[in-house]
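Undergrad: Can you read through this structure? Questions will come right after.
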Ligand SMILES: Nc1ncnc2c1ncn2[C@@H]1O[C@H](COP(=O)(O)OP(=O)(O)OP(=O)(O)O)[C@@H](O)[C@H]1O
Ligand SMILES: [Mg+2]
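Numbering (my numbering), first residue to last: 3 to 354.
In structure tokens form, the structure reads like this:
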């Protein structure tokens, strides 16, 4: 079922949190609402769910206007950021809860709870109470409770936040598999870009209550529309350096190189302030455009090694290289960047 937000705005008293947001989530699609803490992700999710009253604008599920419908009138499965389980009920009854409200038969309930418990590997936990589970196990109960009613729409707010690294990885693909199998239109709220990139068809990146860009993980990484997006997506992050345009070149203390033709053609003016952004994989020992500096940080991650290169002007560029460490802390190096893969931003931060 398609979900559509049309000029959705939300204020708390005088404080505008979301202003005029337009967002369409296609049938069966899983989209991530990604952004820094406080940007309005949970607020948006609550409005779609019906917990928050919308200040203005409309929300549609398919061709039905659900703007004013309360959560219990929609078939929505929700996993909250602080998932509230009922402490006095067993895990079985916690999962069964949405079905009991719908007054389904005991036999139907048992079939559905057993099925979802199997999918989430929690058959052996059903007789316990929430207090007897770890945080990660409780999170899976919350997910099971959201899924058991076969919702049309699945809304998840940081569903993996309390899991350890191994379980998080497993649950990432598990949630995605369940979502694909059930085909339910889903919104995943997260501030973790790796989670958003690996789980979702598209990402809506938010900042300050506004969507900055919507696109596939590939688009967001390779075609960020502005500096904020380029800086938010990618791990380890992109390096930026501010400079000026001079004779068709990018110039900053300690670095000067000819701008790629596509940037020159984009009518950049001499003297204009311009920022270059280089992702760490585009700074390598044998790349064409020379960059010189001192190695000021090294982190070996096993398969890959990260290096920070500090230029004479103080700007720091990061390089990521596979294989063994090739130099040591304090070395002076002359490596290269691939300027055709670099991004350039104007004074407002928009990509040129
Ligand atoms: N009930 C409320 N009353 C007043 N302000 C609120 C209320 N709920 C949220 N806010 C404010 O709205 C803004 C967005 O909050 P929201 O919870 O949507 O952020 P978020 O993107 O989910 O952040 P996080 O990643 O930290 O969970 C914040 O500045 C928050 O303080
Ligand atoms: Mg939140």
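Cβ coordinates follow ideal geometry from the N, Cα and C atoms, glycine included.
Quick caveat, the model's predicted, so the values are computed rather than measured.
What are the residues that DSSP puts in a beta bridge with residue 23?
TA: For the purposes of this step, residue 23 is taken as the residue at position 21 of the chain shown. According to DSSP, residue 23 bridges with 10.
Undergrad: What separation, rounded to the nearest whole angstrom, lies between the Cα atoms of residue 167 and residue 279?
TA: Counting from one through the chain shown, the residue named residue 167 turns up at place 165. Counting from one through the chain shown, the residue named residue 279 turns up at place 277. Their backbone Cα atoms lie some 30 Å apart in a straight line.
Undergrad: For the 8 Å Cβ check, are there 3 or more pairs between the segment 4-16 and the segment 112-124?
TA: no
Undergrad: By the three-class DSSP mapping on this structure, what secondary structure does residue 316 have?
TA: Here residue 316 refers to the residue found at position 314 when the chain shown is read from its first residue. Coil at residue 316, not helix or strand.
Undergrad: Specify whether the segment 62-70 and the segment 219-237 touch according to this definition: at least 3 beta carbon pairs, one from each stretch, less than 8 Å apart.
TA: no
Undergrad: Please state the DSSP three-state secondary structure of residue 223.
TA: Here residue 223 corresponds to residue number 221 of the chain shown, with the count starting at 1. Here residue 223 sits in helix by DSSP.
Undergrad: Should residue 46 be labelled buried (16 or more other beta-carbon atoms within 10 Å of its own) or exposed?
TA: Start at 1 with the first residue of the chain shown, and residue 46 comes out as number 44. That one is buried.
Undergrad: Residue 92 by DSSP, collapsed to three states: which one?
TA: Start at 1 with the first residue of the chain shown, and residue 92 comes out as number 90. Looking at residue 92 - three-state DSSP - the assignment turns out to be coil, as it is neither helix nor strand.
Undergrad: By the three-class DSSP mapping on this structure, what secondary structure does residue 270 have?
TA: Translated into the one-based positions of the chain shown, residue 270 becomes position 268. Residue state, collapsed to three classes: coil.
Undergrad: Return the chain-ordered ranges of every alpha helix (DSSP H) run that is complete within the segment 172-243 and spans a minimum of 4 residues.
TA: 195-201, 219-224 and 229-234
Undergrad: Return the residue from the list 27, 20 and 207 that minimises the CA-CA distance to residue 230.
TA: Taking the chain shown and counting its residues from 1, one reaches residue 230 at position 228. The residue with the shortest Cα to Cα distance from residue 230 is 207.
Undergrad: Look at the Cβ atom of residue 111, then the Cβ atom of residue 127, and state whether they are nearer than 8 Å.
TA: Along the chain shown, one-based indexing puts residue 111 at 109. Along the chain shown, one-based indexing puts residue 127 at 125. In this structure, residue 127 does not lie closer than 8 Å to residue 111 by Cβ.
Undergrad: With a cut-off of 8 Å, do at least 3 Cβ pairs link the segment 252-263 to the segment 281-288?
TA: Between the segment 252-263 and the segment 281-288, the count of Cβ pairs shorter than 8 Å is below three; the stretches do not touch.
Undergrad: Note down, in chain order, each residue of its chain lying with its Cβ closer than 6 Å to the Cβ of residue 253, except the 5 sequence neighbours on either side.
TA: Here residue 253 refers to the residue found at position 251 of the chain shown. Taken in chain order, the residues that qualify are 245 and 246.
Undergrad: Going by the CB atoms, is the gap between residue 37 and residue 193 shorter than 8 Å?
TA: Within the chain shown, residue 193 is the residue found at index 191, counting from 1. Within the chain shown, residue 37 is the residue found at index 35, counting from 1. In this structure, residue 37 lies closer than 8 Å to residue 193 by Cβ.
Undergrad: What would DSSP say about residue 364, mapped onto helix, strand or coil?
TA: Nothing about residue 364 can be reported from this structure: the residues present for the chain run from 3 to 354 only.
Undergrad: May I ask which residues mark the beginning and end of the alpha helix (DSSP H) holding residue 68?
TA: Here residue 68 refers to the residue found at position 66 of the chain shown. Run containing residue 68: none; DSSP gives neither H nor E here.
Undergrad: Hey, residue 276 and residue 348 are a contact pair by Cβ (cut 8 Å); roughly how many whole angstroms apart?
TA: Against the chain shown, residue 276 aligns to sequence position 274. Against the chain shown, residue 348 aligns to sequence position 346. About 7 Å separates the beta carbon of residue 276 from that of residue 348, a gap short enough to meet the 8 Å contact definition.
Undergrad: Can you give the beta carbon distance from residue 80 to residue 161, rounded, assuming they're within the 8 Å contact cut?
TA: Taking the chain shown and counting its residues from 1, the one referred to as residue 80 is at position 78. Taking the chain shown and counting its residues from 1, the one referred to as residue 161 is at position 159. Taking C-beta atoms under 8 Å as the contact rule, residue 80 and residue 161 fail to qualify, at a distance of about 10 Å.
Undergrad: Quick check: residue 196 and residue 159, are their CB atoms within less than 8 Å of each other?
TA: Numbered from 1 along the chain shown, position 194 holds the residue referred to as residue 196. Numbered from 1 along the chain shown, position 157 holds the residue referred to as residue 159. Against a cut-off of 8 Å, the Cβ pair of residue 159 and residue 196 comes out as no contact.
Undergrad: Is it right to say residue 72 is buried, meaning 16 or more other beta carbons lie within 10 angstroms of its own, or is it exposed?
TA: Taking the first residue of the chain shown as position 1, residue 72 is located at position 70. By the 10 Å Cβ count, residue 72 comes out exposed.
Undergrad: Just confirm the distance between the C-beta atoms of residue 56 and residue 155, as a whole number of angstroms; I'd bet it's less than 8 Å.
TA: As a working note, residue 56 is residue 54 in the chain shown. As a working note, residue 155 is residue 153 in the chain shown. Going by Cβ atoms, the distance from residue 56 to residue 155 rounds to 16 Å, so no, they are not a contact pair.
Undergrad: Taking only heavy atoms of ligand 1 into account, decide whether any of them is closer than 7 Å to the Cβ of residue 59.
TA: On the chain shown, position 57 is the one that residue 59 refers to. Answer for residue 59: no, Cβ out of range of ligand 1.
Undergrad: Which residues does DSSP pair with residue 323 in a beta bridge?
TA: Counting from 1 along the chain shown, the entry for residue 323 is found at position 321. For residue 323, which the question treats as bridged, DSSP gives the partners 307.
Undergrad: Give the straight-line distance between the Cα atoms of residue 87 and residue 223, rounded to the nearest whole angstrom.
TA: In the chain shown, the residue the question calls residue 87 occupies position 85. In the chain shown, the residue the question calls residue 223 occupies position 221. Straight-line Cα distance between these residues: approximately 37 Å.
Undergrad: Note down, in chain order, each residue of its chain lying with its Cβ closer than 6 Å to the Cβ of residue 248, except the 5 sequence neighbours on either side.
TA: As a working mapping, residue 248 is identified with position 246 in the chain shown. Cβ within range, chain order: n/a, list empty.
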